[in-house]
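Going line by line, the protein sequences match chains A and B. Remember, our numbering sits 9 above the position in the first sequence when you count from 1. Remember, our numbering sits 733 above the position in the second sequence when you count from 1. Ideal placement from N, C-alpha and C gives every residue a C-beta, glycine not left out. Computed from a predicted structure; not experimentally measured.
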Amino acid sequence: MASRVLGTALFRSGFTVQDAPKYGAERRGAPIFSTVRAARATAEGDTIKERGVIHRPDLVVVADDTLLAVPAAGTLQGVTAATVVLVNSRETAETWRHRLNLAATLLILPATEEARDRAELPHIGATCAGAAACLLGVIEPAALEAAIGEELASLGTEVVASNRDNALAAFDAMTAHRGLVVEGTAVSATDYIPPSWIELPVDDASIAAPDIRAIANSVQVRTGLWRTLRPVIDYDRCGKCWWICSSLCPDSAIAVEQDIPVIDYDHCKGCMICVGVCPPHAIGSVPEYLAQQQEQQANTPGEDDGSDPADR
Amino acid sequence: MAATLLTGNVAAAWGARLARVDYIPAFPITPQTEIIETLGGWLDGGVMEGRMVTLESEHSMLTAAGAAAATGVRVFSATSSQGLLHAMEMIYTVAGWRAPFVLVNVSRGLSAPITLEADHNDVLAARDSGFLQIHCADCQEVVDSVLMAYRLAEDPAVRLPVMVNLDGFYLSFTREPVTLPDPAAANEFLPPFDPGMIRFAASAPESQAVAVLGGSPYSYFRYETHLAAQHAVTVYSGIAAEFRARFGRDRGVVETYRCDDAEVVFYMIGSFATKAREAVDRLRDAGQRVGLLRPRLLRPYPADIIADALQGVQGVAVIDQNLSVGQGGVLHTELCAALYGRPQAPAVLASFIGGLGGREITPEEFYQMAAVTREAVATGKTPPPRLLYTEDELREIRKLQSIALVERDETSPTRERQQHTGGGDEA
């Protein structure tokens, strides 16, 4: 959605554009990428020649900072000293500069502390688009607002209005950096690093066939990293029915151990189906970042403020 | 009409809408599903007339498409990858019926291993079927090609089904400015289907496809299909000229991009060719005489037009986003066959396999392919086929293989430990 809003805003500002999402077979919670290319429209028309992945982005917006730690997400691919990287995060820019050691300019789009449930999450697209629009410096707020109206029209006026407010707030929050992103140049055809092509060796079929020979290795993929909300079982209320939450969990992430359901947080994606189906309403939901803060405090003696994250 | 931002899938749906199709047999598959969802929404909303039926498989979908086309109505359908292969028996059959309709294929690599991204092995698996094939490089071309495909399919001298191909993700989900033909102009360009003798009907039994025993009648019918397909080059050229006159866009049999005076030419199909256009511009900036030749019509194979376009070219870098396992690139093979024995054919036809399963091709790789081809022209030695694959990519595979080896040994205690024979240190 962020790429469509940004694409439409650029198109309305006189640019020719391409915007495209890219994703795998997983749906809810899985990483998704999208790209936007823009060039000043000319009479010749086709001013953007190439299609597909952007090799050297001028701006990278990371909507979820947990993706920075997922190698498969490749969020920082092609980033150079000329790139601006904008991270939606509760951490400071200093922290991320230190962690990532990037030559790029790193900015933080502050994650709002109030975003405590899933209903707030849809705004992240508008927020990222608003901040990006300001950083590009070629989109006026009116074009951004019109783009949101156009892209979200089918969702009704309330959704349009709340997304517009979030986008404009993010736009304003970036005012100090307006126009920071500069257009990169094409790779020179005379002075370039040749690709390190190799001859593929003939490997034995025992390793060259795309087989999975290890058992149960999907356990190694910690899909729990995708979670933004954490289901938490209140065992005082749990009816020990032993089967409802565990049977209906689409990821088989709830096991029953000695008649007690136990959630495997390494693989729970936070879909909240268990929260909905539990007959005695014994499963609550906690924003993941609050649950993690709580865990850290519990592990650090003397610093626990004692409050229940669900009550904050 | 002003341009609007459309994905390749929505552009394909607009092609069907502007063609005022009567019947759409459908079955979903990534990355095609948006096409039938879009058409379904329009039919539901009453902005488009026609009937859509969801079938239980692509095999049935193609059967329904061919059968409906044989009754003389205008038929549209769409599929991708595994779906096209599942329908393959009927792909050949309905082409044999000489049933004219349009099938959009959204190219995606074939299993195994299973993937979602662009690769032309799916559409090329249908190359010998009798379906004609138009290959698109951008979203504007998709809507234009669907309209042109109906003209071609329904031409009485052709009367064959036509496949319009666009690449998954690269076009299917990519929005870009598309100028939709005005509906009235589309109607004039593509009038209502005049089926003539095509009138298969339940109330008037006739046989759509006879059984023939003995090779003679079989040879006759198959070769007649071939002759009709070959004739389609001429018919297509006429349609393209009319399209250009009416809509101002050049949709010729082949695209020649900066080929005049070119010494080296990239030869490829589909949306990855747009990367080659950009590379050609940069190479021209650097003073190199490089161009791009992109067949739009791949079936029938326009051998003479391709040979003409390559007159004076010294080296061709053929980039195949497909792999005929045990042989090599299909485009390279066919280009060699088309040019062999022609005087003044380019001296070097270098084969590159790139973009399999949507693997990127970088600007540097285009520059390097031009350099390798130029070098081959200078030395007179054609290089062996080259897979575009880097040291870093193999390094990543070796990493995954080492993890797999450790996992196998750790989690499968009953399995006899196998020696790692693949030379993991070679990278």
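Hey, does residue i have any beta-carbon neighbour from chain A nearer than 9 Å?
i, result
"E767(B)", "no"
"Q1134(B)", "yes"
"T771(B)", "no"
"R1119(B)", "yes"
"L776(B)", "no"
"A1123(B)", "The displayed chain sequence assigns Thr, not Ala, to residue 1123(B). Closer than 9 Å to some Cβ of chain A, the Cβ of T1123(B) qualifies, so yes."
"R841(B)", "no"
"Q1021(B)", "yes"
"R984(B)", "no"
"D915(B)", "no"
"L849(B)", "yes"
"A918(B)", "no"
According to DSSP, is residue i helix, strand or coil?
i, result
"G929(B)", "coil"
"F24(A)", "strand"
"G773(B)", "helix"
"T958(B)", "helix"
"A745(B)", "helix"
"S1004(B)", "coil"
"T989(B)", "strand"
"V1049(B)", "strand"
"Y883(B)", "helix"
"V876(B)", "helix"
"Q866(B)", "strand"
"T136(A)", "helix"
"L68(A)", "strand"
"A677(B)", "Past the boundaries of the shown model lies residue 677(B); chain B is included only from 734 to 1160, so the question cannot be answered."
"R127(A)", "In this prediction, R127(A) scores a pLDDT of 47, lower than 50, which makes its location untrustworthy; the coordinate-derived value is nonetheless stated afterwards. Here R127(A) sits in helix by DSSP."
"A120(A)", "coil"
"E304(A)", "helix"
"E1241(B)", "Summary: the structure shown does not reach residue 1241(B), with chain B confined to residues 734 through 1160, and so no result is reported for it."
"L904(B)", "coil"
"T848(B)", "coil"
Per DSSP, what are the beta-bridge partners of residue i in this structure?
i, result
"N838(B)", "T812(B) and N898(B)"
"E266(A)", "I269(A)"
"W206(A)", "T1123(B)"
"K31(A)", "F42(A)"
"G1061(B)", "S1057(B)"
"I768(B)", "Answer is none; I768(B) lacks a bridge partner."
"R1032(B)", "Q866(B)"
"T114(A)", "V93(A)"
"R49(A)", "F24(A)"
Is there a C-beta anywhere in chain B that falls below 9 Å from the one on residue i?
i, result
"F20(A)", "yes"
"V196(A)", "yes"
"Y201(A)", "yes"
"R13(A)", "yes"
"T17(A)", "yes"
"T89(A)", "no"
"A223(A)", "yes"
"I216(A)", "yes"
"Q267(A)", "no"
"D275(A)", "no"
"P204(A)", "yes"
"L209(A)", "yes"
"T232(A)", "no"
"V241(A)", "no"
"K31(A)", "yes"
"P219(A)", "yes"
"A34(A)", "yes"
Round the Cβ separation of residue i and residue j to the nearest angstrom and send it over; I've been treating them as touching at under 8 Å.
i, j, result
"P889(B)", "V966(B)", "The pair is not a contact, with the Cβ atoms about 16 Å apart (cut-off 8 Å)."
"T199(A)", "A1019(B)", "5 Å"
"A102(A)", "R908(B)", "Not quite, the Cβ-Cβ distance comes to about 32 Å (not below 8 Å), so this is no contact."
"E1093(B)", "P204(A)", "Actually they do not touch by this definition, with Cβ atoms about 11 Å apart."
"C254(A)", "V286(A)", "6 Å"
"L1025(B)", "V1013(B)", "5 Å"
"V1049(B)", "L1082(B)", "5 Å"
Closer than 8 Å to a non-hydrogen atom of the ligand ZN - does that hold for the CB of residue i?
i, result
"T104(A)", "You won't find the ligand ZN in this model; it holds no ligand whatsoever."
- Item | Start-end ranges of the alpha helix (DSSP H) lying completely within the segment 778-835 of chain B, minimum 4 residues | 791-803, 814-819 and 821-829
- Using a Cβ-Cβ cut-off of less than 8 Å, give me the residues of the segment 57-72 of chain A that come near chain C, in sequence order. In the displayed structure, chain C is absent; the protein chains listed are A and B.
- Item | Secondary structure, alpha helix (DSSP H): runs of 4+ residues fully inside the segment 1089-1122 of chain B | DSSP runs (the alpha helix (DSSP H)) wholly in the segment 1089-1122 of chain B: 1096-1112.
- In the segment 165-224 of chain A, which residue ranges form an unbroken beta strand (DSSP E) of at least 3 residues, counting only runs that do not cross its ends? Within the segment 165-224 of chain A, there are no complete beta strand (DSSP E) runs of at least 3 residues.
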